[in-house]
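Asker: Last residue of the sequence shown: 281 (the working numbering), numbering continuous.
For every residue, glycine included, the Cβ atom is placed at its ideal position computed from N, Cα and C.
All values reported here derive from a predicted model rather than from experimental measurement.
Structure provided below as structure tokens; questions to follow.
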Amino acid sequence: MTKLFLFFTFLFTTAISFAQSDQIVLKDLVWDKTAPAGSVDFNITSNGSRLAGGIMYTPNGKGKHPTLILLHGLPGNQKDFDVAQVVRAHGWNVIYFNYRGSWGSEGKFSLENCVEDVKNIVAHCNQYQDSLKIDTTNIVLFGHSLGGFVCLKALEQIPQIKKGFALSAATFYQLLKSVPDEKTGIEIMKDTVNYPNYVALNSTFSEIHLAAYRNIEYYNLAADAKALKGKQIIMLDEHQQNRGLADTIKASGLKFFDYQVWDTDHSFTNKRISLINLVLSFLDK
């Protein structure tokens, strides 16, 4: 009876910790005078191209810290720095960077290069873990929109990373599969008015999606979901379009998986506090 009670208590408390909570208590960060919180430039190179605008927020305290890597969307107007500041106050390093070919970073922008950039960021963390005070056994990815896709794809390809939070993940596969041939795809992209050419990127919309079309299977996240076995993932959406992918990932033998759909917009404008609370609960898990 005692074991049964403890089991149901565990289920109940787990459900509570991952429910929406729209309140948070924020306090000024008390300085650790021996090892104060701060920030450092994080402008590394990725395959020979220098990534611009990178920063690492560092928390109070000596020694190595767990680290959250932020992955922005397309083009990346939403930086999620509100998440970063609270997570830093929670005792974590937080890394932000701009993919190759975006926001002044060198190199050519492409969706696949975004994933490779994450691999290079993680390799840099491993190489300089002592000087950057990074606990490389506890690196977590957080990605929004395009960054959500990058988060899931990188989780499939980097065994070292065990946890990821995909916020309104862009899933390109079904869109690409609906295009019968390259010529048709080019014509469709010419007629697309909802996706302008972004000044923040050095690739046009047509270049980005034509390159993706020529390597369609790369974007089939469900096909490689078995690589996620044993990992911990949250997928959070404002629509139902990723439910099929979520079901596939859930069936892949994850250590933990949670999929939720909230009543909000693509930027989670009215749910920022609930989002931050969910991130903190996930990081503590």
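1) In this structure, how does DSSP classify Ile229 when only helix, strand and coil are distinguished?
2) Among Gln236, Phe278, Val275 and Ser42, whose alpha-carbon lies nearest the alpha-carbon of Thr260?
3) Within its chain, find whatever has a CB closer than 8 Å to the CB of Phe77; leave out the 5 residues flanking it on each side and keep chain order.
4) Going by DSSP in three states, Ala162 sits in which element: helix, strand or coil?
5) State the DSSP-derived secondary structure class of Phe253, mapped to helix, strand or coil.
6) Relative to the alpha-carbon of Gly34, which residue among Asn43, Leu70 and Ala85 has its alpha-carbon at the smallest distance?
7) Should Pro155 go down as buried or exposed, given a rule of 16 or more other Cβ atoms within 10 Å for buried?
8) Which term fits Val83, buried or exposed, when burial requires 16 or more other beta carbons within 10 angstroms of its beta carbon?
9) Going by the DSSP bridge assignment, what does Asn89 pair with across the sheet?
10) Can you tell which of Lys225, Ser98, Trp258 and Phe253 has its C-alpha closest to the C-alpha of His68?
11) Check for me: the alpha helix (DSSP H) holding Ile272 runs from which residue to which?
12) Helix, strand or coil: how does DSSP classify Phe138 here?
13) For Gly160 and Val136, which I take to be in contact (beta-carbon distance under 8 Å), what is that distance rounded to the nearest angstrom?
14) Near His120, which residues of its chain fall below 8 Å by C-beta distance, leaving aside the five closest residues on each side in sequence?
15) Roughly how many angstroms separate the alpha carbons of Gln153 and Leu217, rounded to a whole number?
Answerer: Taking the definition as stated:
1) If you number the sequence shown from 1, residue 229 lands on position 233. Strand, per DSSP.
2) As a first step, residue 260 must be located in the sequence shown, where it is residue number 264. Checking every option, the nearest Cα to that of Thr260 belongs to Gln236.
3) Working through the sequence shown from its first residue, we reach residue 77 at position 81. Cβ-Cβ distances below 8 Å link Phe77 to Tyr92 in the same chain, with the five nearest sequence neighbours on each side left out; the list follows chain order.
4) Reading the sequence shown from its first residue, position 166 is the one you call residue 162. The answer is strand: DSSP assigns Ala162 an E or B state.
5) Position 257 of the sequence shown, counted from the start, is the residue given in the question as residue 253. Correct three-state label for Phe253: strand.
6) Position 38 of the sequence shown holds residue 34. Gly34 has its Cα closest to that of Ala85, out of Asn43, Leu70 and Ala85.
7) As a first step, residue 155 must be located in the sequence shown, where it is residue number 159. Under this definition Pro155 is an exposed residue.
8) Within the sequence shown, numbered from 1, the residue matching residue 83 stands at position 87. Buried, because 16 or more other Cβ atoms sit within 10 Å of the Cβ of Val83.
9) Translated into positions along the sequence shown, residue 89 becomes position 93. Paired residues: Thr63.
10) Locating residue 68 in the sequence shown gives position 72, where the first residue counts as 1. That would be Ser98, whose Cα lies nearest to the Cα of His68.
11) To locate residue 272, count along the sequence shown from 1; it is residue 276. For Ile272, the enclosing alpha helix (DSSP H) begins and ends at Arg268 to Asp280.
12) Walking along the sequence shown from the start, residue 138 turns up at place 142. Looking at Phe138 - three-state DSSP - the assignment turns out to be strand.
13) If you number the sequence shown from 1, residue 160 lands on position 164. If you number the sequence shown from 1, residue 136 lands on position 140. Contact flag correct, Cβ pair sits at about 7 Å.
14) Along the sequence shown, read from residue 1 onward, the residue named residue 120 stands at position 124. So the list reads Ile40, once near-sequence residues are dropped.
15) Numbered from its first residue, the sequence shown carries residue 153 at position 157. Numbered from its first residue, the sequence shown carries residue 217 at position 221. Taking the straight line from one Cα to the other gives about 11 Å.
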